[in-house]
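Numbering that gives the first Met the number 0 numbers the first residue of the sequence shown as 0 and each following residue consecutively. Shown next, in structure tokens, is the structure this report addresses.
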Amino acid sequence: MTRRLFFSRRVLHLAVALCAAAASIGQPASAAEGIPTEVLRVCADASLLPFSNERREGFENRIAQLIADDLKVPLTFTWWPQTIGFVRNTLRTRQCDLVMGTAVGEELMQNTNPYYRSTYALIYRKDSGITAKTLADPSLQGARIGVVARTPPSAVMLRHGLINMEPYQLDTDTRAHHPAQQAVEDVAAARTDAAIVWGPIAGYFAARQQVPLAVVPLMDEPGASPFQYMISMGLRPDEPDWRHWLNDFIVRRQGDIDRILTEYHVPLVNADGTIRAEVTEPDGYRMADYRSPTPPGLRGAETVGAAEVERLAKAGAVLIDVLPTPPKPAGLAADSRWVPPPHRSLPGAHWLPNVGYGAPSDEQEAYFRTGLEALTAGDRKRPLVVFCQPDCWMSWNAAKRAVALGYQAVKWFPAGTQGWTAAGHELVTVEPEPNPASSNPASKIAN
0 MTRRLFFSRR
10 VLHLAVALCA
20 AAASIGQPAS
30 AAEGIPTEVL
40 RVCADASLLP
50 FSNERREGFE
60 NRIAQLIADD
70 LKVPLTFTWW
80 PQTIGFVRNT
90 LRTRQCDLVM
100 GTAVGEELMQ
110 NTNPYYRSTY
120 ALIYRKDSGI
130 TAKTLADPSL
140 QGARIGVVAR
150 TPPSAVMLRH
160 GLINMEPYQL
170 DTDTRAHHPA
180 QQAVEDVAAA
190 RTDAAIVWGP
200 IAGYFAARQQ
210 VPLAVVPLMD
220 EPGASPFQYM
230 ISMGLRPDEP
240 DWRHWLNDFI
250 VRRQGDIDRI
260 LTEYHVPLVN
270 ADGTIRAEVT
280 EPDGYRMADY
290 RSPTPPGLRG
300 AETVGAAEVE
310 RLAKAGAVLI
320 DVLPTPPKPA
330 GLAADSRWVP
340 PPHRSLPGAH
350 WLPNVGYGAP
360 SDEQEAYFRT
370 GLEALTAGDR
380 KRPLVVFCQP
390 DCWMSWNAAK
400 RAVALGYQAV
410 KWFPAGTQGW
420 TAAGHELVTV
430 EPEPNPASSN
440 PASKIAN
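Below you can see the structure in the form of structure tokens.
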């Protein structure tokens, strides 16, 4: 079942074909290969969004680039359709060194630790009258529901009397056909009433339809085939050092990985099987609870990671740290002297503290506005990289405010200083930028 679900994940169409191929795969080489030191070669499908494509637009392309940047080596791809012989003709022949997505326990490759857990999702048009949150919902009775043949949802549907199925082919060539994508598009076009497909495909293509679609991640049901699967990376069995390096990378860069997955609307599942809520982008500014999960992006700005920040800094971008100044510890006497700890930030960064509130004071707003004008020499096209720490709405608010001020190349770095150090970079001590209007720009403290 685990092997089958790996290929269900890859557009839900390869399980039977690769089970047949398994018998023909030769034994792995006995000599272990080390961690890539010259180039990272990734095995991938050139036409399999949202996972990968030859233009490197998939989330697995993006995560592979994170790995290559961490290794400080170039990234190349060995393209092969996700069909019969994929592993045999790529990883096993040493044409490449890594498969970016496989279900934990899949037997054709050695697994890393999982780097995300997702689930199948139910999709329907929001104007259809269907209101289902589970397959037991009465509003699904009689509905024409698309499902890829021989994937787990088909069996669970029968348990709930959902027999009006629209089947999609499991075994296909991704160079010509994308059954799960077609299932989503058929719902949008009202050719079917609903569909159940692997969550990453459901979330990605539902967000790209002209009509609003509901995407409902499904919880596992007792006694039924599971909907939820942990996804890892795949490598050859004779490479323990490479596996250990990748496991360490996953721990260090999990925040960056999660942000990429969220950008692609991948439904994420917590360790206890509950569905992780996706944070949506508000129309206005965040007004409270500034240290909490943030949206995956910001309209009008580009979301960037540590490698992009490093390249931008070398190209002359202005780095803006907006972390608030720390509050004075409670219990200190009014006349006691307190020296805040040194503030550590990215090399070359300019610290503009306390400018990320949803409703800044006039002084704070002027401090931010004049600070940006001075640091950019009035050039609204000069790239700005705005950051603080992970799960920090202060940086999101400040980046949004920079966009509103007319800056045309705003980059939001949500991983912030922790993401910078996780990528292997050092921090330096910085001081707040001077405020011409006051010697104390910190008239508020963060909550």
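Glycine is no exception: its CB is placed at the ideal position from the N, C-alpha and C atoms.
CB-CB length for Gln209 against Ala187, believed under 8 Å: Sure, about 7 Å apart at Cβ, within 8 Å.
Cβ neighbour criterion (16 or more within 10 Å) applied to Asp257: Residue burial is scored here from C-beta neighbours: Asp257 has at least 16 other C-beta atoms within 10 angstroms and is therefore classed as buried.
Ordered list of beta strand (DSSP E) runs contained in the segment 88 to 115, each at least 3 residues: Whole beta strand (DSSP E) segments, 3+ residues: 97 to 102.
Meets three-Cβ-pair contact criterion under 8 Å: the segment 31 to 46 and the segment 225 to 241: Cβ pair count under 8 Å is three or more, so yes.
Assigned secondary structure, His349 (DSSP; H/G/I helix, E/B strand, else coil): Three-state DSSP puts His349 in a strand.
DSSP state of Gln227 mapped onto helix, strand, coil: Three-state result, Gln227: strand.
Host beta strand (DSSP E) of Ala365 (start-end): Per DSSP, Ala365 belongs to no beta strand (DSSP E); it is in the alpha helix (DSSP H), 361 to 375.
Pair within 8 Å by beta-carbon distance, Ser138 and Ile129: In this structure, Ser138 lies near Ile129, with their beta-carbon atoms less than 8 Å apart.
Other residues of its chain near Asp185: CB distance less than 8 Å, five sequence neighbours each side excluded: Excluding sequence neighbours, Asp185 sits near Gly145, Glu165, Thr191, Ala194.
Stretch pair the segment 397 to 412 + the segment 300 to 320: three plus CB contacts closer than 8 Å: Output reads yes: the segment 300 to 320 touches the segment 397 to 412.
Segment limits, beta strand (DSSP E) that includes Ile259: Counting along the chain, Ile259 sits inside no beta strand (DSSP E); it lies in the alpha helix (DSSP H) bounded by residues 239 to 262.
Extent of the continuous alpha helix (DSSP H) to which Leu311 belongs: Residues 305 to 313.
Of the residues Pro73, Pro339, Leu48, Ala332, the one placed nearest Thr428, counting alpha carbons only: Of the candidates Pro73, Pro339, Leu48, Ala332, the one whose C-alpha sits nearest the C-alpha of Thr428 is Pro339.
Boundaries of the beta strand (DSSP E) in which Glu165 is found, first to last residue: Under the DSSP assignment, Glu165 falls in the beta strand (DSSP E) whose first and last residues are 164 to 167.
Span separating the alpha-carbon of Glu430 from that of Val250: Cα to Cα, the separation comes out at about 31 Å.
Thr293, DSSP secondary structure in three states: Coil.
Separation of Pro113 from Ala329, as counted between CA atoms: Near 42 Å, if we compare the C-alpha coordinates of Pro113 and Ala329.
Lys410: first and last residue of the uninterrupted beta strand (DSSP E) it sits in: Counting along the chain, the beta strand (DSSP E) containing Lys410 begins and ends at 409 to 411.
Under 8 Å between C-beta atoms of Asp320 and Ala348: A contact, by the Cβ cut-off of 8 Å.
Pairwise C-alpha distance: Gly100 and Leu107: When rounded, the separation of the alpha-carbon atoms in Leu107 and Gly100 is 12 Å.
Local conformation of Met286 per DSSP, three classes: Assigned with DSSP and collapsed to three states, Met286 falls in coil, not helix or strand.
The beta strand (DSSP E) enclosing Val41, as first and last residue numbers: Its beta strand (DSSP E) spans residues 39 to 43.
Best match in Lys313, Ala189, Val308, Lys132 for proximity to Asp126 [C-alpha to C-alpha]: Ranking the options by Cα distance to Asp126, first place goes to Ala189.
Local conformation of Phe85 per DSSP, three classes: In the structure shown, Phe85 sits in a helix (DSSP, three-state: H, G or I).
Range of the contiguous alpha helix (DSSP H) that encloses Phe386: Per DSSP, Phe386 lies in no alpha helix (DSSP H) segment; the continuous beta strand (DSSP E) that holds it begins and ends at 383 to 386.
Which listed residue (Thr261, Leu134, Gly355) has its alpha carbon closest to that of Ile62: Out of Thr261, Leu134, Gly355, Thr261 has the C-alpha closest to the C-alpha of Ile62.
Selected residue, minimal CA-CA separation from Leu345, among Ala365, Ile162, Leu322: Looking at the Cα atoms, Leu322 is the closest of the given residues.
Three CB pairs or more closer than 8 Å across the segment 198 to 205 and the segment 63 to 78: In this structure the segment 198 to 205 does not touch the segment 63 to 78; the number of beta carbon pairs closer than 8 Å is below three.
Counterpart residues of Ile449 in DSSP-defined beta bridges: Beyond the ends of the chain as shown, which are 0 and 446, falls residue 449; an answer cannot be given.
Cβ-based burial, Ile122 [other Cβ within 10 Å; buried from 16]: Residue environment: Ile122 is assigned as buried (16 or more neighbouring CB atoms within 10 Å of its CB, all protein chains considered).
Cβ separation of Ser117 and Ile230, assumed to be a contact under 8 Å, to the nearest whole Å: About 7 Å; that satisfies the 8 Å criterion.
According to DSSP, residues forming a beta bridge with Ile319: In DSSP, Ile319 forms a bridge with His349, Val385.
N- and C-terminal bounds of the alpha helix (DSSP H) containing Gly474: What is shown of the chain runs 0 to 446, which leaves residue 474 out entirely.
Residues of its chain near Val155, where Cβ-Cβ distance is below 8 Å and the 5 sequence neighbours each way are ignored: Leu134, Glu220, Ala223, Ser224, Phe226.
Counted within 10 angstroms of its Cβ, other Cβ atoms place Thr450 as buried (16 or more) or exposed: There is no way to answer for residue 450, as the model of the chain reaches only from 0 to 446.
Rounded C-alpha distance that separates Pro382 from Gly141: Here the alpha carbons of Gly141 and Pro382 stand approximately 54 Å from one another.
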